[in-house]
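Numbering of the sequence shown is given in the numbering used here, commencing with residue 328 and proceeding in unit increments. Below you'll find the structure, written out as structure tokens, and then a few comments.
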Amino acid sequence: MRQVSWLFALLLAATPTLATEYCARQVPVSGDYIRGSSGLASGFEPSVIIPGFAWPLIDLNGNSILTLKDGMLVPMMDPPLDQRNKLQPQVVTWPDGEIWAYDRITPRMSRLVPEAGIFEGLGIEVPNDLTGYSASEPVSPFDDRAVSHRNVLTPPVYAYVGKLKDKLVEITQQGALRPVVLPPDWSAGTGWPPVVAEGIGTFLRGQDEIWFRRDTDAPWMQIARIQNPRGLMTQKPFERLQVIGNHAGDLWLLLADRVLVGHMGADDPAPVFDYQLPGDVMFHRPTRQVLVFPDQPLSQGWLDRPRRQRVTATHHEARRGAPVPLRGDQIAPRRVGGVQLSYSLAHAPSGQTLITHEDGLAAYDGQMLRDLPQFAVSGDTAVYISQVGNKYLASFVPGDAYEIMPDLQLRPIDLPQDVPMEDIFYSQALQRYVLYAYGWDRIYTSTDLVTFQPVSGDYDPIRGISGDLPAQQGVLTHSDARAYLVTACSD
Numbered sequence: 328m329r330q331v332s333w334l335f336a337l338l339l340a341a342t343p344t345l346a347t348e349y350c351a352r353q354v355p356v357s358g359d360y361i362r363g364s365s366g367l368a369s370g371f372e373p374s375v376i377i378p379g380f381a382w383p384l385i386d387l388n389g390n391s392i393l394t395l396k397d398g399m400l401v402p403m404m405d406p407p408l409d410q411r412n413k414l415q416p417q418v419v420t421w422p423d424g425e426i427w428a429y430d431r432i433t434p435r436m437s438r439l440v441p442e443a444g445i446f447e448g449l450g451i452e453v454p455n456d457l458t459g460y461s462a463s464e465p466v467s468p469f470d471d472r473a474v475s476h477r478n479v480l481t482p483p484v485y486a487y488v489g490k491l492k493d494k495l496v497e498i499t500q501q502g503a504l505r506p507v508v509l510p511p512d513w514s515a516g517t518g519w520p521p522v523v524a525e526g527i528g529t530f531l532r533g534q535d536e537i538w539f540r541r542d543t544d545a546p547w548m549q550i551a552r553i554q555n556p557r558g559l560m561t562q563k564p565f566e567r568l569q570v571i572g573n574h575a576g577d578l579w580l581l582l583a584d585r586v587l588v589g590h591m592g593a594d595d596p597a598p599v600f601d602y603q604l605p606g607d608v609m610f611h612r613p614t615r616q617v618l619v620f621p622d623q624p625l626s627q628g629w630l631d632r633p634r635r636q637r638v639t640a641t642h643h644e645a646r647r648g649a650p651v652p653l654r655g656d657q658i659a660p661r662r663v664g665g666v667q668l669s670y671s672l673a674h675a676p677s678g679q680t681l682i683t684h685e686d687g688l689a690a691y692d693g694q695m696l697r698d699l700p701q702f703a704v705s706g707d708t709a710v711y712i713s714q715v716g717n718k719y720l721a722s723f724v725p726g727d728a729y730e731i732m733p734d735l736q737l738r739p740i741d742l743p744q745d746v747p748m749e750d751i752f753y754s755q756a757l758q759r760y761v762l763y764a765y766g767w768d769r770i771y772t773s774t775d776l777v778t779f780q781p782v783s784g785d786y787d788p789i790r791g792i793s794g795d796l797p798a799q800q801g802v803l804t805h806s807d808a809r810a811y812l813v814t815a816c817s818d
């Protein structure tokens with residue numbers, strides 16, 4: 328890791344006021360909270376801030392979700408959670424802005440009362456054998472496929488009924504229960520609730536089939552067959568769904584491990600697919616092209632349809648009719664232990680899609696794929712790319728960190744300590760970047776990733792960033808044993 332330059336060190340020495348601009352203050356944790364075996368740790372799910380709700384929901388990997396009350400982190404025991412809850416709630420936002428949330432441990436649905444800043448029960452009668460709720464993540468075209476929205480869901484809202492979860496009812500925004508007619512082989516154990524793609528129709532996964540209907544009055548039509556992997560912990564193709572259509576009637580159904588390519592006209596009752604192309608799915612947003620690095624699917628069966636398209640192991644555009652190899656440099660996917668791990672990032676300043684491969688990084692401009700020599704790697708070194716705030720970053724592991732500039736050149740990030748950073752977080756509450764590393768004795772903030780200011784205060788080495796707390800105008804961090812709120816020192 329490169330040393331801090333003499334100019335940067337001189338800047339810090341000459342501007343002592345910058346060093347005390349932000350402070351870390353310890354936030355006590357309630358004695359009722361049982362910590363995980365490794366102490367405080369950023370949970371599997373990030374902190375949840377619900378607009379209009381008075382209490383942040385914080386996961387520090389203990390026996391319950393926490394919130395901040397009277398300056399202390401305490402177990403959250405009010406709706407939309409209960410005192411036994413160790414999982415964040417699922418939050419559903421209706422088109423008019425009304426917010427619902429449901430507990431994943433007990434089948435309870437609540438509605439936010441904005442004027443009071445609290446959640447209350449829906450006030451509707453539900454079946455005695457109701458066993459849970461479900462809603463879908465937004466089906467957004469060209470959304471980052473590496474990121475799950477987790478707690479951000481959209482209507483419709485469904486309830487499972489029966490011990491086998493073999494019945495489904497829709498809960499309307501007015502609180503009515505409307506039974507959902509389903510194909511005969513559907514059940515919650517083998518399928519998912521219906522997923523609505525705005526302006527296209529509703530998709531439904533059954534045992535080994537995908538069904539579709541344009542509206543609630545239309546019958547379900549089977550549009551594809553894909554063998555469903557068995558096992559509770561098995562990754563399923565339908566767990567990551569996106570739908571893309573265009574004015575010409577072309578249609579792409581994107582699953583976790585493949586894309587189904589076809590068409591659907593304005594008067595057609597359902598899509599017709601030409602083929603499926605398994606692999607890592609990527610996008611070029613300016614031209615709305617769907618790109619695929621071919622790979623083996625998570626599952627395949629001899630009854631699968633549409634047919635699986637066999638292509639060479641190089642990048643292709645998934646066009647209607649047949650896939651087309653990308654023009655330009657030939658690149659091969661990066662593999663670790665036989666698993667393909669290539670991914671992409673939309674680089675807005677240049678309008679290009681950046682794609683990792685076995686020897687570094689390439690860029691696609693909608694017409695040509697170009698390998699980027701400044702990102703070349705060899706041996707066990709790998710390059711990782713990400714967007715944090717409005718910055719695009721490249722990390723060479725092992726190695727240094729860089730900012731990717733608008734012309735795709737690399738600007739070295741001279742870190743304030745001679746240890747690689749562990750993580751970088753953009754705080755909307757502070758309007759700046761927050762950095763930490765296990766080997767640093769300070770946590771740092773920056774507005775530009777050029778100059779860095781150490782956060783003042785008496786605190787242990789920081790091990791994680793839980794997230795923003797907008798009401799406190801700060802960001803919650805933690806060591807192994809204590810939690811700290813980073814805010815302006817004058818607050």
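The beta carbon of each residue, even a glycine, is placed where N, CA and C say it ideally should be. This one's a predicted model, so the numbers in the text were calculated from it and none came from an experiment.
- If one requires a minimum length of 3 residues, the beta strand (DSSP E) runs lying completely within the segment 420-470 are 426-430, 435-440, 445-448, 457-463, in chain order.
- A distance of 7 Å or more separates the beta carbons of V588 and D607.
- Only exposed fits W629, as fewer than 16 other CB atoms lie within 10 angstroms of its CB.
- Comparing alpha-carbon positions, the option among V813, M436, W382 lying closest to T394 turns out to be W382.
- Counting the other Cβ atoms within 10 Å of the Cβ of Q780 gives 16 or more, which makes it buried.
- Rounded to the nearest angstrom, the gap between the Cα atoms of S705 and D686 is 6 Å.
- Within the same chain, Cβ atoms closer than 8 Å to the Cβ of S467 are found at Q569, the five residues on either side in sequence being excluded.
- For E464 against V479, the beta-carbon gap comes to about 7 Å, under 8 Å, which counts as contact.
- Taking 7 Å as the cut-off, the Cβ atoms of A503 and F539 do not count as close.
- A contact is defined here as three or more CB-CB pairs under 8 Å, and the segment 758-765 meets this definition with respect to the segment 788-799.
- Note that the C-beta distance between G363 and N388 is below 7 Å.
- In this structure, the beta-carbon distance from Y811 to A351 falls below 7 Å.
- The Cβ neighbour count for D386, taken over all protein chains shown within 10 Å, is at least 16; the residue is labelled buried.
- If you look at L796, you'll find it in the beta strand (DSSP E) that goes 791-796.
- According to the DSSP assignment, G589 belongs to the beta strand (DSSP E) that extends over 585-590.
- Burial state of N555 is buried, judged by a 10 Å Cβ sphere holding 16 or more other Cβ atoms.
- Secondary structure within the segment 470-516: the beta strand (DSSP E) runs of 3 or more consecutive residues, fully enclosed, are 479-488, 494-498, 504-506 (chain order).
- In the assembly as shown, Q623 is an exposed residue. Its beta-carbon has fewer than 16 other beta-carbons within 10 Å.
- By the beta-carbon neighbour count (other beta carbons within 10 angstroms, threshold 16), I770 is buried.
- Counting only residues of its own chain and dropping the five nearest sequence neighbours on each side, Q714 has a CB closer than 7 Å to the CB of L672.
- Judged by their CB atoms, G533 and P441 are not nearer to each other than the 7 Å cut-off.
- Comparing alpha-carbon positions, the option among D542, P797, Y460, P739 lying closest to F723 turns out to be P739.
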